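Residue numbers (this note's numbering): 190 to 617.
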């Protein structure tokens with residue numbers, strides 16, 4: 190039948206057409222499914238990468254914040270330490286500042302002894318550290334603990350877990366220590382001590398911390414050295430001042446002894462005349478440093494001004510009146526006495542210079558006369574005569590002793606007779 194044939198042909202054409210289409214559609218669906226899975230996988234990777242980046246950014250931000258806080262704390266410690274000049278105060282306050290600003294369990298400052306054999310604890314922030322200070326805690330350089338290692342090598346060292354550290358010094362005064370870091374204190378490559386830092390947490394310190402904390406340790410070392418030099422300079426100046434005062438007073442005593450009298454003068458309406466010391470109305474206190482006014486029993490007022498040289502009282506200037514002294518008069522006396530003190534000291538220095546110059550000339554003259562002769566007896570006679578005259582001696586003797594020990598006698602002189610010698614004498 191024709192229509193059956195046509196239907197069959199159409200069906201055949203449909204089958205032939207739809208089979209490839211279905212295949213294509215299936216492939217397309219599979220490809221789409223695969224692409225979707227790939228997109229999902231990549232999305233998951235992107236999300237994981239994003240979370241990783243966010244975590245890294247957060248860690249980096251936290252690390253930067255931590256470093257910024259460390260730098261700020263280090264700068265604050267250095268700034269506050271630089272204002273302290275006393276070494277002991279500097280060490281104590283710096284140890285507490287480091288512990289407080291950085292949140293450390295313990296901070297200790299060790300300084301090397303003069304021999305460089307011991308690292309001696311000089312300051313500590315913790316209670317255990319204070320007990321160590323009371324005992325005079327010290328560690329042998331190169332042999333005991335991380336501090337001893339750093340003191341010997343001059344290199345920083347970190348112990349993230351002190352229980353695993355071979356050179357860790359197990360200190361019963363610091364039982365909570367879990368991590369420790371020791372930093373050298375250097376001044377121009379010269380090791381002066383060690384900064385010891387301890388924490389309650391394992392792994393509390395990282396290598397990156399060393400750079401920042403070492404800068405602080407270097408600044409601390411310079412501050413300690415400057416404070417030490419300041420203290421030594423101040424002590425030297427104090428010694429020099431005391432020596433200058435002693436020498437000045439000694440020089441004034443010698444100047445007065447050379448004159449043979451005490452310099453005291455009295456002025457009244459008739460003029461100026463010497464005054465014996467026992468006739469002075471009132472003696473001034475040697476410790477007096479300023480002008481004083483006293484009222485006497487007979488109604489008079491005594492104004493006394495100390496004459497001071499280099500902070501020491503060497504005399505006084507006194508005024509009497511039957512009225513009270515005015516403030517401007519007191520100020521005038523103070524100014525005048527200051528200038529008089531300077532003039533007196535300058536005059537004494539000039540007199541002393543002349544005295545020593547005269548003495549040197551006399552020594553040179555005597556020496557020249559003694560050396561002018563090569564004869565033994567002439568030399569002795571010249572020496573005894575010139576020195577006796579120069580010193581105003583009533584009787585002067587010079588003698589060469591004959592009992593010279595054999596070992597001190599010249600070997601080339603031959604045998605000497607005992608009981609012989611030379612005696613020269615100058616009588617008045």
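Glycine included, C-beta positions come from ideal geometry on N, C-alpha and C. Every value quoted in this text rests on a predicted model; they were computed, and no experiment measured them.
- request: Tell me where the beta strand (DSSP E) around residue 530 begins and ends.
  value: In the chain shown, residue 530 corresponds to position 341, counting from 1. It is not in any beta strand (DSSP E) - residue 530 instead sits in the alpha helix (DSSP H) that spans 516-560.
field: Test item: CB-CB of residue 371 and residue 350 under 8 angstroms
entry: Taking the first residue of the chain shown as 1, we reach residue 371 at position 182. Taking the first residue of the chain shown as 1, we reach residue 350 at position 161. Taking 8 angstroms as the Cβ cut-off, residue 371 and residue 350 do not qualify as a contacting pair.
field: For residue 152, the first and last residue of its enclosing alpha helix (DSSP H)
entry: Examination of residue 152 is not possible in this model, given that the chain is present from 190 through 617 alone.
field: Euclidean distance between Cα positions of residue 391 and residue 361
entry: To locate residue 391, count along the chain shown from 1; it is residue 202. To locate residue 361, count along the chain shown from 1; it is residue 172. Distance between the alpha carbons of residue 391 and residue 361: 18 angstroms.
message: At the level of alpha carbons, what is the spacing between residue 415 and residue 384?
response: Translated into the one-based positions of the chain shown, residue 415 becomes position 226. Translated into the one-based positions of the chain shown, residue 384 becomes position 195. Their backbone Cα atoms lie some 17 angstroms apart in a straight line.
field: Three-state class that DSSP yields for residue 443 in the structure shown
entry: On the chain shown, position 254 is the one that residue 443 refers to. Looking at residue 443 - three-state DSSP - the assignment turns out to be helix.
- request: Compute the Euclidean distance between the alpha carbons of residue 484 and residue 436, then round it to the nearest angstrom.
  value: In the chain shown, the residue the question calls residue 484 occupies position 295. In the chain shown, the residue the question calls residue 436 occupies position 247. If I take the Cα positions, the gap works out to 36 angstroms.
- prompt: Run through DSSP, which three-state label would residue 221 get?
  reply: The residue you call residue 221 lines up with position 32 of the chain shown. In the structure shown, residue 221 sits in a helix (DSSP, three-state: H, G or I).
message: What would DSSP say about residue 273, mapped onto helix, strand or coil?
response: As a position in the chain shown, residue 273 is number 84, starting the count at 1. Three-state result, residue 273: coil.
- prompt: For the beta strand (DSSP E) that contains residue 454, what are its first and last residues?
  reply: Position 265 of the chain shown, counted from the start, is the residue given in the question as residue 454. First-last of the beta strand (DSSP E) with residue 454: 454-457.
- prompt: Which stretch, first to last residue, makes up the beta strand (DSSP E) that contains residue 497?
  reply: One-based indexing of the chain shown puts residue 497 at position 308. Where residue 497 is concerned, the enclosing beta strand (DSSP E) stretches over 490-498.
- request: Mind reading off the beta-carbon distance from residue 374 to residue 409? Whole number of angstroms is fine, and I expect it under 8 angstroms.
  value: For the purposes of this step, residue 374 is taken as residue 185 along the chain shown, with counting starting at 1. For the purposes of this step, residue 409 is taken as residue 220 along the chain shown, with counting starting at 1. Confirmed, Cβ separation roughly 6 angstroms.
- prompt: DSSP puts residue 385 in a beta bridge; with which residues?
  reply: Numbered from its first residue, the chain shown carries residue 385 at position 196. According to DSSP, which records beta bridges pairwise, residue 385 is partnered with 297, 371.
message: Distance check for residue 510 and residue 481, CA to CA, integer angstroms please.
response: Locating residue 481 in the chain shown gives position 292, counting from the first residue. Locating residue 510 in the chain shown gives position 321, counting from the first residue. In a straight line, the C-alpha of residue 481 is about 14 angstroms away from that of residue 510.
message: Pull the bridge partners of residue 463 from the DSSP assignment, please.
response: Reading the chain shown from its first residue, position 274 is the one you call residue 463. 454, per the DSSP bridge assignment.
query: Are there three or more Cβ pairs, one per stretch, closer than 8 angstroms when the stretch 224-231 is compared with the stretch 245-252?
result: no
- request: Look up residue 409 in the DSSP assignment and say whether it is helix, strand or coil.
  value: Position 220 of the chain shown, counted from the first residue, corresponds to residue 409. The answer is helix: DSSP assigns residue 409 an H, G or I state.
query: What's the C-alpha gap between residue 447 and residue 500?
result: As a working note, residue 447 is residue 258 in the chain shown. As a working note, residue 500 is residue 311 in the chain shown. Taking the straight line joining both Cα atoms gives about 24 angstroms.
- prompt: Among 531, 580, 528, 559, which one has its Cα closest to the Cα of residue 547?
  reply: Taking the chain shown and counting its residues from 1, one reaches residue 547 at position 358. For residue 547, the nearest C-alpha among the options comes from 580.
- prompt: What does a CB cutoff of less than 8 angstroms around residue 401 pick up in its chain, not counting 5 residues either side in sequence?
  reply: The count along the chain shown starts at 1 and reaches residue 401 at position 212. Correct list, in chain order: 256, 259, 260, 263.
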